[in-house]
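Trainee: Below is a structure I'd like to ask you about.
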Amino acid sequence: MTAFAPTLAVQSEGVRRSFQGREVLDGLNIDIAPGEFVALLGRSGSGKSTYLRALAGLDREIEGTLRVAELRAVVFQDARLVPWKRVLANVLLGLSGSDTRERALHVLEEVGLSKLANAWPATLSGGESQRVALARALVRRPDLLLMDEPFGALDALTRLKMHELLRELCSKYQPAVLLVTHDVDEAIILADRILVLTDGTISLDLSVDVPTPRRRSDTRVSALRTRLLTELGVKDQVG
Amino acid sequence: MRLSEKNSVLRIAHLNAGRTLELTRPALKGPVIDLTVPVKTTIRGISIPREVRRLYGPLAVVMIWTALSLAGMLGPRVFPSPWEVVTAAIDLIEKGVLQQHLVTSLGRVFAGLIPGLLLGLALAVIAGTLTRFEDSIDSIMQILKAIPNFTIVPLLIIWMGINEAPKVTLIVLSVCVPIYINTYSAIRNVDSRLIESAYTLGLGRWQRVWHIILPGSLPGFLVGLRISLTNAWLALVFAETINAKQGLGALMSDARTWWQLDIMVLVITIYAVLGLSSYAFVRLLERHFLVWRRGYLGD
Chain B
1 MTAFAPTLAV
11 QSEGVRRSFQ
21 GREVLDGLNI
31 DIAPGEFVAL
41 LGRSGSGKST
51 YLRALAGLDR
61 EIEGTLRVAE
71 LRAVVFQDAR
81 LVPWKRVLAN
91 VLLGLSGSDT
101 RERALHVLEE
111 VGLSKLANAW
121 PATLSGGESQ
131 RVALARALVR
141 RPDLLLMDEP
151 FGALDALTRL
161 KMHELLRELC
171 SKYQPAVLLV
181 THDVDEAIIL
191 ADRILVLTDG
201 TISLDLSVDV
211 PTPRRRSDTR
221 VSALRTRLLT
231 ELGVKDQVG
Chain G
240 MRLSEKNSVL
250 RIAHLNAGRT
260 LELTRPALKG
270 PVIDLTVPVK
280 TTIRGISIPR
290 EVRRLYGPLA
300 VVMIWTALSL
310 AGMLGPRVFP
320 SPWEVVTAAI
330 DLIEKGVLQQ
340 HLVTSLGRVF
350 AGLIPGLLLG
360 LALAVIAGTL
370 TRFEDSIDSI
380 MQILKAIPNF
390 TIVPLLIIWM
400 GINEAPKVTL
410 IVLSVCVPIY
420 INTYSAIRNV
430 DSRLIESAYT
440 LGLGRWQRVW
450 HIILPGSLPG
460 FLVGLRISLT
470 NAWLALVFAE
480 TINAKQGLGA
490 LMSDARTWWQ
500 LDIMVLVITI
510 YAVLGLSSYA
520 FVRLLERHFL
530 VWRRGYLGD
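So the sequences go chain by chain: B and G. As numbered in our numbering, the first sequence has no gaps in its residue numbers, which increase by one up to the final residue, 239. As numbered in our numbering, the second sequence has no gaps in its residue numbers, which increase by one up to the final residue, 538.
In structure tokens form, the structure reads like this:
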């Protein structure tokens with residue numbers, strides 16, 4: 001730890017983005033501290049992916065102030081592995097240096113895929129692909145990890161395992177995380193802080209003060225879920 | 240229940256009580272098909288490699304040709320027999336003529352093929368990645384595609400004379416256009432999500448070209464290569480029949496002048512073999528470079 005005051009991993013003020021006159025982001029103010037795990041919830045079309053793309057530097061038509069850590073990595077919903085590169089080469093993509101290969105192998109081991117280092121992406125299952133994508137992001141030791149519904153296409157069992165893995169790896173690598181999701185439970189289980197995006201602005205900003213590991217049966221968790229679902233305009237029928 | 244009459248009744252013995260339990264299940268509305276994979280029967284357990292099987296068609300043609308010749312249905316004035324063609328070939332090889340023509344022709348094809356490939360590829364990458372050059376390059380290439388190569392031969396001769404230059408230029412043009420067209424359209428079809436993710440992984444423009452765009456457009460490039468090789472041979476025939484003392488086309492036009500049917504058929508056969516080998520070569524490249532694809536391979 002350095003003695004300097006930590007700068008923010010994300011600092012956004014009055015971020016706006018419109019598509020054909022429709023304001024998708026309407027003056028967004030979000031700060032994310034280094035190492036903080038933030039989940040961004042919202043209904044589809046609420047602008048959460050737009051914001052993530054802006055943070056990734058993929059959208060250069062936003063207005064407002066936006067500062068982000070330079071060392072950042074993105075995990076998309078589709079793993080976006082390069083099909084003509086084997087798993088290890090995918091993890092190594094764009095990296096240079098003498099120890100990178102070892103580091104990549106190490107991260108592959110951490111996500112439990114060291115045996116598949118030589119496999120073609122087309123032969124992987126959805127969960128395996130997403131673990132490779134996670135390894136490819138973490139090997140860069142990012143200050144900011146951006147994830148756009150990374151588990152959205154996975155089956156329920158795989159998703160639970162991925163939650164566990166992600167929590168483990170995040171506590172090890174300690175990046176600031178912005179997890180865009182529509183899954184309320186996922187947000188509660190993983191995040192330190194949950195933001196709800198409604199019509200282009202933050203309508204709710206909650207700290208999750210429940211110690212990990214969080215169980216669904218915990219009353220604080222179910223209270224939180226009901227509150228978030230209400231904010232999202234859905235009745236909580238199960239909890 | 241309208242279906243009840245058709246419904247089958249399953250009787251299940253209830254072990255403990257010794258009673259039978261009657262369960263009503265709906266009957267299937269259609270028949271049952273058998274998807275059990277039958278055990279494969281190969282003749283004496285040998286499976287013939289694909290590349291050999293690809294020769295079946297041409298071999299059948301040669302066999303029919305031989306049969307027709309043996310039956311006396313093809314007169315020597317109309318169509319020489321296979322052995323006449325072989326005799327002509329041996330004769331020309333013994334004189335050392337055939338090799339010379341072949342080497343000259345191969346030399347010309349490669350002299351045009353390599354720069355044509357590089358030019359087509361370079362133009363495709365520039366047009367595909369740098370939008371400010373895209374429209375001008377693309378329209379020029381589409382014009383070149385529309386103009387039959389052979390119509391510009393007289394111009395090439397006027398500009399360059401009757402030596403090697405117009406011949407090689409003709410081959411360059413006929414190679415570079417299909418390479419460009421196919422590679423450019425393949426670049427346009429490279430998954431933009433991959434390019435985005437490469438950007439987020441910190442790859443610069445030329446790294447994206449090298450790691451994503453070029454390999455991603457390789458399938459298209461190889462299609463272009465197939466067409467290019469065919470075109471190169473066609474352009475060669477044309478270039479050599481106009482004005483050449485050496486080369487397969489020269490051999491062909493001499494044979495035409497002297498009514499040497501056996502040599503004409505021999506040259507046609509050589510073109511056929513060259514065409515088939517170029518095709519096999521591209522297939523080899525495809526198999527080697529496109530292993531990562533799990534495309535549909537046919538039934």
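Beta carbons are placed, not taken as given, at the ideal position from N, Cα and C, and that holds for glycine.
Report all residues from its chain with a CB closer than 8 Å to the CB of B/E61; omit the five preceding and five following residues, and keep chain order.
Mentor: Shown here for B/E61: same chain residues with a beta carbon closer than 8 Å to its own, the five before and five after excluded, namely R17 in chain order.
Trainee: Confirm, please, whether the CB-CB distance from B/S49 to B/D183 is below 8 Å.
Mentor: Annotated as distal: B/D183 and B/S49, with beta-carbon spacing of 8 Å or more.
Trainee: If you count every other CB in all the chains shown that lies within 10 Å of the CB of B/A3, and 16 or more means buried, which is it?
Mentor: Low local confidence applies: a pLDDT of 44 at B/A3 is under 50, so the model's placement there is unreliable, with the coordinate-based value given in what follows. When all chains shown are included, B/A3 counts as exposed.
Trainee: Does the contact criterion of 3 or more C-beta pairs under 8 Å hold for the region 353-372 of chain G versus the region 416-427 of chain G?
Mentor: The region 353-372 of chain G makes contact with the region 416-427 of chain G; the number of CB pairs closer than 8 Å reaches 3 or more.
Trainee: Contact between the region 481-495 of chain G and the region 122-129 of chain B: three or more CB pairs below 8 Å?
Mentor: no
Trainee: Using C-beta distances below 6 Å, list every residue in its chain close to B/E23, excluding the 5 sequence neighbours before and after it, in chain order.
Mentor: G200
Trainee: Alpha carbons only, please: which of G/A471, G/E525, G/G314 and G/T508 is nearest the one belonging to G/L345?
Mentor: G/A471
Trainee: Between G/E435 and chain B, is the shortest Cβ-Cβ distance under 8 Å, so that the two count as touching?
Mentor: yes
Trainee: Looking at G/Q485: is its Cβ nearer than 8 Å to the Cβ of G/T343?
Mentor: yes
Trainee: Using 8 Å as the limit for Cβ to Cβ distance, is G/T439 near chain B?
Mentor: yes
Trainee: Keeping to the same chain, check which residues put their C-beta closer than 6 Å to that of G/F477; ignore five residues upstream and five downstream.
Mentor: Apart from sequence neighbours up to five positions away, the residues of its chain that approach G/F477 with a beta-carbon distance below 6 Å are F389, ordered along the chain.
Trainee: Taking only runs that begin and end inside the region 360-399 of chain G, name each unbroken alpha helix (DSSP H) of 4 or more residues, in chain order.
Mentor: 370-385 and 392-399
Trainee: Tell me, which residues are paired with B/G252 by DSSP?
Mentor: Because chain B in this structure spans residues 1 to 239, residue 252 of chain B falls outside the shown range and cannot be described.
Trainee: Closer than 8 Å between beta carbons: that is the criterion. Which residues of the region 446-464 of chain G meet it against chain B?
Mentor: Q446, H450, I451, P454, G455 and L457
Trainee: Are the CB atoms of B/V139 and B/L113 within a distance shorter than 8 Å?
Mentor: no
Trainee: Looking at chain G, is there any beta carbon in it that lies within less than 8 Å of the beta carbon of B/A56?
Mentor: yes
Trainee: So, at 6 Å on beta carbons, what are the nonlocal neighbours of B/S207 in its own chain, with the 5 sequence-adjacent residues on each side left out?
Mentor: R193
Trainee: Taking the beta carbon of G/F372 as the centre, do at least 16 other beta carbons fall within 10 Å, making it buried, or is it exposed?
Mentor: It is exposed - the Cβ of G/F372 has fewer than 16 other Cβ atoms within 10 Å.
Trainee: Beta carbon of G/D377, beta carbon of G/Y423: below 8 Å?
Mentor: yes
Trainee: Mapping the DSSP letters down to three states, classify G/H253 as helix, strand or coil.
Mentor: Reliability fails at G/H253, whose pLDDT of 49 lies under 50, so the model's placement of it is uncertain and the value that follows must be treated cautiously. If DSSP states are grouped into helix, strand and coil, G/H253 belongs with coil.
Trainee: Please report the distance separating the alpha-carbon of B/L178 from that of B/I188.
Mentor: 13 Å
Trainee: With distances taken Cα to Cα, identify the nearest neighbour of G/H450 among B/N29, B/D78 and B/L93.
Mentor: B/L93
Trainee: Mind checking whether G/S436 and B/R80 have CB atoms under 8 Å apart?
Mentor: yes
Trainee: Assign B/N90 to buried or exposed, taking buried as 16 or more other Cβ atoms, counted over all protein chains shown, within 10 Å of its Cβ.
Mentor: Around the beta carbon of B/N90, a 10 Å sphere encloses 16 or more other beta carbons of the protein chains shown; the residue is thus reported as buried.
Trainee: Got a sec: is the Cβ-Cβ distance from G/R292 to anything in chain B below 8 Å?
Mentor: no
Trainee: For G/Q485, which three-state DSSP category applies?
Mentor: coil
Trainee: Quick check on the DSSP output: the beta strand (DSSP E) that includes B/L165 runs from which residue to which?
Mentor: Not the beta strand (DSSP E): B/L165 falls in the alpha helix (DSSP H), residues A156 to Y173.
Trainee: With which residues is B/E23 paired in a DSSP beta bridge?
Mentor: B/S18
Trainee: Taking 8 Å as the threshold (C-beta atoms), are G/I396 and G/G355 in contact?
Mentor: Going by C-beta atoms, G/G355 is not nearer than 8 Å to G/I396.
Trainee: Looking at the structure shown, is G/T263 part of a helix, part of a strand, or coil, going by DSSP?
Mentor: strand
Trainee: Would a check of beta-carbon distances place G/R427 closer than 8 Å to chain B?
Mentor: no
Trainee: So, at 6 Å on beta carbons, what are the nonlocal neighbours of B/I30 in its own chain, with the 5 sequence-adjacent residues on each side left out?
Mentor: S12
Trainee: Using a Cβ-Cβ cut-off of less than 9 Å, list which residues of the region 120-138 of chain B approach chain G; keep chain order.
Mentor: When C-beta distances to chain G are compared with 9 Å, the residues of the region 120-138 of chain B below that value are W120, P121, A122, T123, A133, R136 and A137, in chain order.
Trainee: Given a limit of 9 Å on CB to CB distance, which residues of the region 305-321 of chain G reach chain B?
Mentor: Taking 9 Å as the Cβ-Cβ cut-off against chain B, none of the residues of the region 305-321 of chain G qualify.
Trainee: Within the present structure, is the beta-carbon of B/Y173 separated from the nearest heavy atom of the ligand SAM by less than 7 Å?
Mentor: Of ligands this structure carries none, so the ligand SAM is not represented either.
Trainee: Compare the C-beta of G/W497 with all C-beta atoms of chain B and state if any pair is closer than 8 Å.
Mentor: no
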